[in-house]
Structures are given as structure tokens and as C-alpha cells.
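Step one of this worksheet: look at the structure below.
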Amino acid sequence: MMKFRFRRQGTDPQREKIKQELFAFNKTVEHGFPHQPSALAFDPKLQLMAIGTKSGAIKIYGAPGVEFTGLHRDTTAVTQILFLPGQGRLLSLLDDNTIHLWELVTGPSREAGGAKKEGVVSFQEVNEYCLPGRPGIESCSATRVTVLLLLKSCDLLCLGTEGGGVYFLELPRLWLQESRTLLQDQVTQSLPDDYRCGKSLGPVESLQEHPQQPGKILIGYSRGLVVLWDLSTRHAEQMFLGKQQLESLVWERSGNLFVSSHNDGGYSVWAVASGNTYNHQPVSSTIPYGPFPCKAINKILWRTTQTGSPVLLYSGGMPRASYGDRHCLTIQQDKEHVTLDFTSRVIDFFTVHSVEQEKEFDEPSALVVLLEEELVVIDLQTPGWPTLPTPYLAPLHSSAITCSCHISSVPPKLWERLVNAGKAQQGRHQTHRSWPICGGKNVAPPAKQQELLLTGHEDGTVRFWDASGVALTPLYKLGTANVFHTDCDPGDDPHDTSNDPDMQQEEEWPPFRKVGCFDPYSDDPRLGIQKISLCKYSNKLLVAGTAGQVIVLGLNDERSDHSVDVSVVDLLQDREGFTWKGHDRLEPRLKTAPFPPGFQPQVLVQCLPPASVTAVALHAEWNLISFGTSHGFGLFDYHRRNAVLARCTLHPNDSLAMEGPLSRVKSLKKSLRQSFRRIRKSRVSGKKRPIATPTSKVQEANAALAEQDEVAPIQRRIEPRSADDSLSGVVRCLCFADTFLRDGTHHGPTLWAGTNSGSVYAYALEVPGVGSGRVCERGGASESSTSVEALLGKEIQLMHRAPVVSICVLDGRGKPLPDPYEASQDLSIAPDMTNAHSVLIASEEQLKVFSLPKVSAKTKFKLTAHEGCRVRKVALVLFSSTAQEDYSEHTLVCLTNLGDMHLFNVPALRPQVRYDCIRKEDISGIASCVFTKNGQGFYLISPSEYERFSLSAKVVTEPLCTVQLDRSLDTTFASDGTTTQPQANGTHKNQAEGQTSEPPSSLSSPILDSPLDSPLSCADLTLDSTGELTVEDVRDFLTTVDEAENNLKNMKEEEGRSTGILIN
């Protein structure tokens, strides 16, 4: 019998095959705006745009769904990028002075959505070059590249350097043509003596090729000199002796004049006339925002139009004293003058215009501006120059993300109503012209279902995103600030000054116009959204915030003026000795207020004390909501507007819970102090512990052995947590279920709650109109005057007091119960109510299944004891097979504090597969992870980007696209045998179309080998901190090394003892 208990199971080949058909890990696409962009380029022939970042990533975008990503081997900032028009090639200049050549190449055919896709394109680096230094002390700085110019012939690359030299590289081989090199000394010799003055010309600031005469280039030096250089004759055709420090140059289309911008906030127009070698004065010179000192005009563009008046576009130039801190870009045409005022720094910009040689005018159609935090596109063809809504690259972090929620299989009617509500929100400064960056073709199969990603933000907004495909598109924005009295009246648009004559008079010059949606400032941090729950069948939305506010909203297609009902729930229940020291509650707006079409608030439930809400649950079929904070949990009937239950979960010694989240520094210090005291206390008590006799040791071992259902050879010892741990009363999870709690024959509504101290509370609910097998009609509970009642049925205390992460009730077949309305409306298979139910409780240390209604343990898996990690996120996912259409399995997906994914079958809890997903140092990424019901997931890799991943072999959302090029799509060069690169920001995946694949060496341990899995893993990133990102998370990171050494020591000690003696 004992031999059988210790025997390990062998691998089943049939089961291994099934697992391969069900599970496969891939990081597929990055949603959102690239973090810390540093360079911009546009291919007018292919209609593709490229963005380079400070982490060494290059991202190419075309039509929605067309995306390519590449990452340089070194995590060095990309300073400039250039397309080779029409060729699908791109040049990048890095901060380490290296130049890299990239190509779009055809990848292997691939199965996608059951169909075979041919000719899918990927993005690879094929060549690299570093300009050698000149002999001398200053050789390194002298040959540092400052500017790149690609000639129209695409066979020559010009490099301007800090030492004033201009070098030429042959393309695509990147060979230096030394015979063409132009050093500053050669130019200086041709200058007049009075201009030379013994001063250096400075670095090369700009290089521009003549638009009508190929082979002639303008060379602009920092000191102000501009030289028209003829490459064929190798002599200076004309010299323009500017006296103001130069910033940029641009040609007029005819080539008869060019414009220079300067650091004094002015620009000059120069005429190019043959026969005159030296030109001392420009045709005109203007400081548009003078006469007082202005900031530099960093870049200027001059575009001709058929109407005769050119369009002038330039960044900077603001008066230093008044508006020196503004980030502006000016558009001028004739008498039209607009100063676009952005909330983040302008990185670069370009216009979409006609580039055909036979065309006489530029005729710009759109202006694309890359900012530090967002992308803004201006329609230049529509009067007033309105903005174009972006189908992708929307700034997810327009206000800091605090939580997220995913909804799969959204009903078409709800989707249509959300889209209409979003269209009604678009302002008067938006146009509906087609998206100008439309290159490539998306060949991915259409989405089989509509998916929503909901993000909660620090400013109290909830944003709805279309997450059905590769492009994450904004649909609708919900604001909750208008439910409360705040410093900023929600009825007033701070960006709209058209109705304010005083404001118009004050800001008449410069003519500012606020553009963009990035707004990092919150009127009140208490507005922050912490939890979201949406019922897609009843169109009910539940949002909860930082100051204990819980709001129930309903969907309305019309504007409504109404007041919001307010109810207050005291979770302390008049318990003595506790005084709330945190922030005050938000003051509700009691008068009638206007609410636009979309989700409109119906009920506001205010928790007291007003601590951050850490868990919510919504059951729209029973008209019930449940919410939890660090003090307890409550149950509210939003149909009858009355509180059903309020339960305090505070421990008598838990004073830390009364300080509130906004005094977090004090809380962290106090928590660390308490931790050190407990460590000292345990050491002292350990020394005083009496020596156990051999007899007592045998008795303890036998007792422990008797409790085990399955004995593992080696397990880590788990120390029980103290009952007076800080924040032990935090409610971590809430769950509604129709199951057996009182006895095994009558089922009914129940509420389950789990806390930070390992306590689980199960309440039996009496809901009017809902009984054993009887469900209320859609639209509300029975009109009976009877109110909902709650009776405590069970109370479970986990042995080690580990925090309860998740609770889920399983039916008689071991499958999770369907969502509200799914069973009653025949939208899913009805749950098995004939056999005994069970409840799956996931704590930070182990997964355990209990039978119902007796609550006796059936099976468990000790994750911490076996793997040395702690559970952070848990989800029940339905995985479908790639081989059999009708075969699927419910699987428990578990994300740990080490960033790896563990998959277990349900309800047996047998381990299936394990994947490395997120770096263990990336605390914010782990805390922000959210799973979908079909095997995908999202987590933040920066404040503005979600990484999308898939655990399913069948359900994968990834870029699959093609591009028609002027050349063959086969790889031209090999870059030292490494033609594939890791995906940007440390994303690792097998060869995926529209992305780059990783080196084989990094497949073995993607967590260790990815230096940039989350560029801001230690940044100040606002997340769902009270319930998710806790002191335990930080402690995990700080003590990882010590814990690993202790675990190794414990394991070595275990090996020297007989198996089965020290368990648990």
C-alpha cells in the first residue's frame, strides 16, 4: 500500500498529444502606444509609418491590423529612421552611432484560423555599419552622426556628423565611399574671410536633396551656413551665409527657394539663383511669435498648394517668458493660423502629400505628429484642420490605468449601442476622412466574436476598447466624475473656450487650440477606478473606486437628466476602537445632472470608512451587487435600493487598515517594521523552544502523514502567517453562485467572500422569485415587497492563513457555473444540479477543492510547497482543441509572483503545463494581468502598452499581413548569421507573422533573457494596488535571493531524511 502511495505516475503519450492540441504559449502583439518614442519615418509609396523608441524597438504600422516589430540587439535609443521608399527597407541610426538596415521578408506559410496563409511578411535586420573615427583626440565625437539623408535614387546615404563632415554610404551594402567624403575644412576654404573669423561651422544640422536636380544637396551647419553642394562635380555651387544658429532646412517643391529655421524662434526664406556664389541675405526673415525672445523652431515644413498659398508647418517658436513650457506646432496658410497645443513633447512630424515628380504641387492631405505620449493626425483638407480619430496607437494611459477587465463574445446589440454612444462623444474638432496610413494588407481571418477590453483610470473614467483583433481601437469613454462634486465642473469642457469671450480675448495670440487626449492630471485621486464588472446580457455595469464609491450603471441610448440615488453602508458596524485616518469620501451630487448617451449611473453605494474597494461581484439576474474593502464586505439590492448585509472582517490588531491607501509610505514603513519584529520574535521563540523527544517527533510525522492524500518526495516548509498581520481583513474576492450550501437537496443563491487572512465566508441568500430551479424574469426581481435576506452558512479558515485569491463553485460535472442569464436564457449548457457541487478555493499558497455542502477537502495542489512561488492571479479558462472541433477542457490558469503560468485540469488539479510569461521583477506587469475566457491574456509592459499573449493552441490573435514591394521579398543579406531578433520590449514568441522571431537561445528561458519585458517595471505605475499590488509583492521581489537559498537549504535537509516524515 505504501509503495503505491509513493509511486510516481508516468507520462501518457495520448494525454501529451491532447495537451499539445490544447495548449501553446505565444506573445502575439503589443497594444497601445509605444513607450518613450524617439524617431518617426514615413514611406509615401507603401503608405507605412515607422516609430523608433528609446529601448531600441522599431514598430511599423500601416492599415489597421498591419503591424511589424523589430528590436535591435542592444537596448540603445533609436535616434533617426529612414524608409527606402517602395522597397520595404528601413535604415535606423542608434544612439551608439551604429546604422542598421532592416527588411520586410516573406515568412513561411502558416495555419491561421483553419486556413493556410501564403506570402506573410516579417521584419528582420540584415546589415549593420559603424562610421570609423578619424585619427586624433576628438575622433569619437567628430564622426558622431547627427543627421541622415537618403538620396531619391536610394543607392546613396549621406551622413552629417558632429565634426562637420559629410560621409556617403553605398546602399544597400552600407559601404563607405571615401572618395565622396566632404570634410568641413574643404568648405571653410571657400568661405569669405570676414565670415570665416576662425570659428568652426559646428555640426551638420540638416541635409536636404534638391527636389528637381538629383545629386545636389543642401548642407546646413549649426553656425548658420548653408551650402548647396554638387555631388557630381564635388564643389559648392552656392553658399548662404546665415548668421543665426540653424535648426532645420526644407526645400520648396520647385527648388527655387528653401526655408531655414533658427534657434531664435524665427525662419528665413532664401532664393536659389544661379551665378551668385555667395548669398548674404534671405528674401525674408520672420519671428512669428516675437518680438520678445522665443524658443527655437526645431523643424519646419513648406508645402505648396493649388490655391497659391503654401502651408507652413513648424514646431516650437513660442515666447520664452509666456509660453516657454508649451508643446506646440503651428499651421499657417494665408490668413489661417492655428497653434496646436499638446500636453506632451513633440518628437517629430511629417505630412502626407503628393510625391509624384510630374505633379506641380504638394497638396498636403494630412499632418501626422508624433508626441512623447500619443499620435495626433490633423486633416489638412477640411476647413478648420480638425483631428482624425486613430484606429490604433491610442494612448491607453491618457490617464494612468488602475485596473482592467475583459469581456468575450459581446452580443451584437450591446456592441452597436456602445459604438453609437462613442460616436456621439466625438467633438466638433474631429473629422471622418479615411485613415492616411493605409499600407499593406491584413490577411488575418476576421474575428469570430467581438471582444471588449475595459480599462479603469485614475481620473475616474472607464474606457471601452475593441480588442477583437490586432488593432486596439477606442469605442467609448465613460466618466464617473459627474456623479460627485469635484474641483472641475464636468459640465464645463476645459478645452473648449469658444463660448468664453474673456478666454478668447486672453488667448487671441498665439491662437492656441488644445489637441490630443493625453491628460495625466487627475482632479481628485479618489476618483480612481479600482474594480469593474459588466453583465453583457442585462447591460449593467458596476464600477468601484478609491474612496469606497460603488456605482451601478445602466445603458441608455438617449441623453438623460436625473439624480442618482445614494446609499451608505457602514462596514465597521459600530465596532469600537477603530478610527479612520485616511481620506474623506467624495461628496455626491444630489441635484439633477445631465448624463450623455451610454452608461448612466443609477445607484451610488458609499462604503464607510471610504477605503479603496478591493473586490466586487455583480449578479444582474438577482439584482445584487457585492463589494469589499480592507474593512469588510457588503451586499446590496440595487433594485429595491436597500443594503442586505454588512460584515466587518477586521482583526482587533489591524490598525493599519484604518490609515487608507493615500498614506502608503507610512503604511509601508510600518509594515516592514512589523515584519522585522516578527522575524526577531520567531528567532527568539525558536531558541526557547523545548527540545522534542524522538517519540513526539514520530507522533508529529505520523499525524502529518495521515493528513496527506498524496505525498511528494520533497516539499518546502510553509510557515503559518500570524493572525494579526497587517491588512488581514482585506477582502480579496467575492463570488455569487446558485449551489448547495444548507443541504444536498436544495440549491439556491449564495455569496462567497475570501479575505487576506485565509478566511472564507459563505452566505445563503433568500432572493424573492428565485428558488430551487426557479429564476426571476429578466428585467428585475419579483415585485413582492419581500426583501433579500442573507444568512451565514459556512465559515472556513485556511490552515496557514494564506490570502484567498479566488473562489469558484463547480457543478456536478466539475465545470464552472455559467454567468447570470446564460442558463435561464439558454445561452449556455445548463449546470448539473443533480450531482454534488464543489468549491475551488485558490489561496496564495495552494489550490484546494472542497465538496459541498459538507465543505470537506477533495483534492489540492500545494503550489508554494512544490514550486516555491505564490499565486497572484487565477482564472478558469475553456481551451478548445485544434484537432477536434467539439473537444474542449476547462482549465485553471494560475499566474505566480515569479511571472510564470501554471495550468491545472479541473477538478482534479493535476498540473498540465507551465510557461514563463512575465519577468519576476516586473511587479506592475504581474499585478495588471487579466485573462480572457478563451485562453488569452493582457498585461502592462509599460504605462502605455499592453502585451497580448495566448495560452491556447487554437485561439491566437496576431498580425498576419502582406506588403506589395518594388523588390523581391527574399532576404538579401545575412547579419552575421542572425537574421532574426527578439520582439520589442522583450516579447518572446515563436516565428509570428507581422512580428520578428527570437533567437533560439532565448526560447529556453525567456524570463531571464528578456532585458526589457517591461521597460518601466519599477516605474511609478498606478495599478489596482490595495487588492493586488500589496506589500507582499514588494517583499517577494526584495527577498527572492534569500528565499531561494533557504528553499535550497531546506530541500537538501529533506534529502537526508526518510521520505514522508516532514510534510507540510
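According to my numbering, the sequence shown holds residues 324 to 1387 in order.
Every residue gets a Cβ at the ideal spot worked out from N, C-alpha and C, and that includes glycine.
All values reported here derive from a predicted model rather than from experimental measurement.
Burial state of residue i, where buried means 16 or more other Cβ atoms lie within 10 Å
i: Ser-545; result: buried
i: Ala-596; result: exposed
i: Asn-579; result: exposed
i: Lys-658; result: exposed
i: Ser-361; result: buried
i: Val-891; result: exposed
i: Asp-1289; result: exposed
i: Pro-537; result: exposed
i: His-650; result: buried
i: Ser-1348; result: Low confidence applies here, because Ser-1348 scores a pLDDT of 37, under 50, leaving its location unreliable and the question unanswered by this model.
i: Arg-331; result: Residue placement at Arg-331 cannot be trusted, given a pLDDT of 49 that sits under 50; what the coordinates show is reported in the next sentence. Flag for Arg-331 reads exposed.
i: Glu-854; result: Reading off the sequence, residue 854 comes out as Lys, not Glu. So Lys-854 counts as buried.
i: Trp-708; result: buried
i: Asn-599; result: exposed
i: Glu-339; result: exposed
Three-state secondary structure assigned by DSSP to residue i
i: Val-1229; result: coil
i: Tyr-1262; result: strand
i: Lys-1243; result: coil
i: Tyr-646; result: helix
i: Arg-964; result: coil
i: Asp-1223; result: strand
i: Ser-301; result: Nothing about residue 301 can be reported from this structure: the residues present for the chain run from 324 to 1387 only.
i: Glu-1168; result: coil
i: Pro-455; result: coil
i: Leu-497; result: coil
i: His-423; result: strand
i: Val-1286; result: coil
i: Thr-1187; result: helix
i: Lys-1181; result: strand
i: Lys-854; result: strand
i: Glu-1112; result: strand
i: Gln-629; result: coil
i: Lys-340; result: helix
i: Ser-583; result: strand
Those residues which DSSP pairs with residue i across a bridge
i: Gln-929; result: Gln-872 and Val-891
i: Asn-349; result: Ser-1273
i: Cys-1131; result: Leu-1163
i: Met-1426; result: This structure cannot settle anything about residue 1426, because the visible part of the chain is limited to 324 through 1387.
i: Phe-406; result: Leu-413
i: Met-562; result: Val-550 and Tyr-601
i: Glu-1268; result: Gly-355 and Ser-1265
i: Phe-807; result: Pro-911
i: Phe-787; result: Leu-777 and Tyr-799
First and last residue of the uninterrupted beta strand (DSSP E) at residue i
i: Tyr-490; result: 489 to 493
i: Gly-779; result: 775 to 780
i: Arg-836; result: 835 to 837
i: Ala-1198; result: 1194 to 1203
i: Gln-509; result: First-last for Gln-509: 507 to 512, but that is the alpha helix (DSSP H), not the beta strand (DSSP E).
i: Ser-608; result: 607 to 609
i: Ala-916; result: 916 to 918
i: Arg-1055; result: 1054 to 1062
i: Val-691; result: 689 to 694
Whole-Å CB distance - residue i paired with residue j, under 8 Å assumed
i: Thr-1214; j: Leu-1232; result: Contact doesn't hold; Cβ gap of about 11 Å is too wide.
i: Ile-374; j: Pro-387; result: The Cβ separation is near 16 Å, so there is no contact.
i: Arg-963; j: Ser-722; result: Rounded, the Cβ-Cβ distance is 35 Å, inconsistent with contact.
i: Ala-1087; j: Thr-1073; result: 6 Å
i: Ile-422; j: Leu-497; result: 7 Å
i: Thr-292; j: Asp-847; result: There is no way to answer for residue 292, as the model of the chain reaches only from 324 to 1387.
i: Leu-894; j: Cys-930; result: 6 Å
N-terminal and C-terminal residue of the alpha helix (DSSP H) that residue i is part of
i: Trp-625; result: Element bounds for Trp-625: not the alpha helix (DSSP H) but the beta strand (DSSP E), 620 to 626.
i: Arg-519; result: 516 to 519
i: Trp-1406; result: Nothing in the structure corresponds to residue 1406, since the chain is present only between 324 and 1387.
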